[in-house]
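Comments concern the structure below.
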Amino acid sequence: MSVQVGRKRSIFDDSDSDDDANIAINSDKHNKKTKVDDKRNVDPCKTPERETDDVEENLKEKIALSPAQRAKIEQNRQKALLIRQDKINRRTPYNQPKETEESKKKVVRINDTKLIDTGSGFFIEENDELVDDDMIAAMKMVAEPGPLIEEDRPNCLECDKLFNNSYLLHNFDHPVCDECRDNEEKHNLITKTDAKNEYLLKDVDLEKREPPLKFIVRKNPHNERWGDMKLYLKLQVEKRALDIWGTEEALDEAIEKKEEQREISKQKRFNKKMKELRMNVRSSLYTRATKNHEHEYGEEEYDADGDEYSRTCKTCGHSYTYDKL
Numbered sequence: 057m058s059v060q061v062g063r064k065r066s067i068f069d070d071s072d073s074d075d076d077a078n079i080a081i082n083s084d085k086h087n088k089k090t091k092v093d094d095k096r097n098v099d100p101c102k103t104p105e106r107e108t109d110d111v112e113e114n115l116k117e118k119i120a121l122s123p124a125q126r127a128k129i130e131q132n133r134q135k136a137l138l139i140r141q142d143k144i145n146r147r148t149p150y151n152q153p154k155e156t157e158e159s160k161k162k163v164v165r166i167n168d169t170k171l172i173d174t175g176s177g178f179f180i181e182e183n184d185e186l187v188d189d190d191m192i193a194a195m196k197m198v199a200e201p202g203p204l205i206e207e208d209r210p211n212c213l214e215c216d217k218l219f220n221n222s223y224l225l226h227n228f229d230h231p232v233c234d235e236c237r238d239n240e241e242k243h244n245l246i247t248k249t250d251a252k253n254e255y256l257l258k259d260v261d262l263e264k265r266e267p268p269l270k271f272i273v274r275k276n277p278h279n280e281r282w283g284d285m286k287l288y289l290k291l292q293v294e295k296r297a298l299d300i301w302g303t304e305e306a307l308d309e310a311i312e313k314k315e316e317q318r319e320i321s322k323q324k325r326f327n328k329k330m331k332e333l334r335m336n337v338r339s340s341l342y343t344r345a346t347k348n349h350e351h352e353y354g355e356e357e358y359d360a361d362g363d364e365y366s367r368t369c370k371t372c373g374h375s376y377t378y379d380k381l
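Its first residue numbered 57, the sequence shown is counted upward by one per residue in the working numbering.
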């Protein structure tokens, strides 16, 4: 004896719930049956991967593009990328290239604080993200020269030993190894200004005369805003001075002569200043010229040799000659 237990229906429920339940049960059974049939009918040689490959091959066969069509597609793709990049640039108009920002950047120092002129009416403080020119120069990789052959290795002028490379050889073409380098006395450096003043050299003597002297560039330690310094090897500067002046005695004489001329010009400037001071303090003793000079010529003088007449100014000594008909 089977007992059918059903859900208790409400008196307000007008829907046919039993029919809906039966329909749902029948649909589940039908789905299970179709799945079993599909599993039975599956070809063991066919897999999902092979089916996708077959679909792609069929699509390629159906869609065969000509070279002109492919070129048109690529052109449209590039145009779309340009439009997209233009939209991004319009959204961020202040993202300028790095080189343009650095070229237009103006740094102002106020109370040991670096301020950058943005060009928009205000200043911003320089942060750590901004890279200094020295750091950029240090980050640049320099290609080192290859190793020298045994026959091409130079001999050190001090110890007469072979060496590959050194600071003086690389920067000044002076064959001295790093072990024998003497920065304090023998191999010290001299600025271009001091070389011109101490040895009476000109720019042509340092840069144009063969062979031109090599130098290194360093920041000015007195003020970073000033121009970079050119440092020469003092030994080479002295040798160049001897080539120009001949002997040390001739160089010393030229230096003494220049010192004398400097003292004379200095004394002239001092006398001129003192005269102006006296004229300002005791103005009653001096008559200032308030108008242009007018010549006061004396009597005429006759020159029999040239058959000419001349007259001379009594004040300034100016004279002029003339003829009489």
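Backbone N, C-alpha and C fix where the C-beta goes; we use that ideal spot for every residue, glycine too.
Rounding to the nearest angstrom, what Cα-Cα distance links residue i and residue j in this structure?
i, j, result
"Gly278", "Lys286", "Note on residue identity: the sequence assigns His, not Gly, to residue 278. About 14 angstroms."
"Glu305", "Arg237", "29 angstroms"
"Tyr378", "Tyr365", "5 angstroms"
"Cys212", "Cys233", "6 angstroms"
"Ser339", "Glu316", "34 angstroms"
"Lys290", "His351", "59 angstroms"
"Asp229", "Asp208", "14 angstroms"
"Cys372", "Asp259", "44 angstroms"
"Lys385", "Ile129", "There is no way to answer for residue 385, as the model of the chain reaches only from 57 to 381."
"Gln152", "Ile139", "Note on Gln152: pLDDT 49, under 50, position unreliable in the model; no value is reported."
"Gln131", "Phe179", "45 angstroms"
"Ala360", "Lys370", "23 angstroms"
"Ala120", "Arg133", "19 angstroms"
"Met330", "Glu309", "32 angstroms"
"Trp301", "Asp173", "51 angstroms"
"Leu381", "Asn348", "32 angstroms"
"Lys322", "Glu332", "16 angstroms"
Within 10 angstroms of its Cβ, does residue i collect 16 or more other Cβ (buried), or is it exposed?
i, result
"Leu269", "buried"
"Ser222", "buried"
"Ala124", "exposed"
"Leu224", "buried"
"Ala127", "exposed"
"Phe326", "exposed"
"Ile246", "buried"
"Val92", "The predicted position of Val92 is uncertain, since its pLDDT is 47 and thus under 50; no value can be drawn from it."
"Val273", "exposed"
"Asp261", "buried"
"Gln141", "exposed"
"Ala251", "buried"
"Val293", "buried"
In this structure, how does DSSP classify residue i when only helix, strand and coil are distinguished?
i, result
"Phe179", "strand"
"Glu155", "For Glu155, the pLDDT reaches just 48, beneath the cut-off of 50, and the residue's location in the model is therefore unreliable, leaving the point undetermined."
"Leu256", "coil"
"Phe219", "coil"
"Ser122", "coil"
"Lys170", "strand"
"Glu263", "helix"
"Lys380", "coil"
"Val273", "strand"
"Asp359", "strand"
"Arg367", "strand"
"Leu289", "strand"
"Asp213", "Here residue 213 turns out to be Leu, not Asp, going by the sequence shown. Leu213: coil per DSSP, three-state reduction."
"Thr249", "helix"
"Gly373", "coil"
Leaving out five residues on either side along the sequence, give the residues of the same chain with a beta carbon under 8 angstroms from the beta carbon of residue i.
i, result
"Thr368", "Tyr353, Gly354, Glu357, His374, Ser375"
"Asp284", "Val273, Arg274, Lys275, Asn276"
Would you please verify whether the beta carbon of residue i is less than 7 angstroms from any beta carbon of chain D?
i, result
"Leu269", "Structure shown: chain D not included; a single protein chain is present."
Excluding the 5 residues flanking residue i on each side, which residues of the same chain have their C-beta closer than 7 angstroms to its C-beta?
i, result
"Ala297", "Tyr255, Leu257, Leu307"
"Ile311", "Leu256"
"Trp282", "Asn276"
"Glu214", "Val232, Cys236"
"Leu218", "Arg209, Asn211"
Got a sec? Which residues, its chain only, sit under 6 angstroms from residue i by beta carbon, not counting five neighbours each side?
i, result
"Pro210", "Pro231"
"His243", "Arg237"
"Asn227", "Ile272"
"Lys295", "none"
So residue i packs on residue j, CB below 8 angstroms; how close in whole Å?
i, j, result
"Tyr288", "Lys248", "7 angstroms"
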